[in-house]
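Trainee: Numbering (the working numbering), first residue to last: 188 to 252.
Note that beta-carbon positions come from the ideal geometry of N, C-alpha and C, so glycine has one too.
The structure that follows is given in the form of structure tokens.
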């Protein structure tokens with residue numbers, strides 16, 4: 188699922204010119220503790236946007252809004 192999420196995020200962010208960052212939560216104890224059941228998790232402006240599956244249209248609307 189992470190590969191699928193990465194592909195959607197990279198595509199939408201590339202199309203919109205939005206920078207994004209991928210983090211490996213297994214290397215950050217606090218992130219792992221908070222999100223380990225929701226991998227992959229997507230945050231937008233520090234707030235949880237979605238987890239498990241990334242909806243391309245929903246992500247695009249969020250980033251454009």
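Cα-Cα, which of 251, 208, 213, 214 is closest to residue 229?
Mentor: By 1-based counting over the chain shown, the position of residue 229 is 42. Taking only the C-alpha atoms, the option nearest residue 229 is 208.
Trainee: Which class does residue 241 belong to by DSSP, given the choice of helix, strand or coil?
Mentor: For this step, residue 241 is matched to residue 54 along the chain shown. Coil.
Trainee: Counting only beta-carbon atoms, is residue 227 nearer than 9 Å to chain B?
Mentor: Although the question refers to chain B, the structure presented lacks it and comprises just one protein chain.
Trainee: Taking all protein chains shown into account, decide if residue 192 is buried (16 or more other Cβ within 10 angstroms of its Cβ) or exposed.
Mentor: Looking up residue 192 in the chain shown gives position 5. Buried is the call here.
Trainee: Express the C-alpha separation of residue 226 and residue 243 in angstroms, rounding to a whole number.
Mentor: In the chain shown, residue 243 corresponds to position 56, counting from 1. In the chain shown, residue 226 corresponds to position 39, counting from 1. When rounded, the distance between both Cα atoms is 17 Å.
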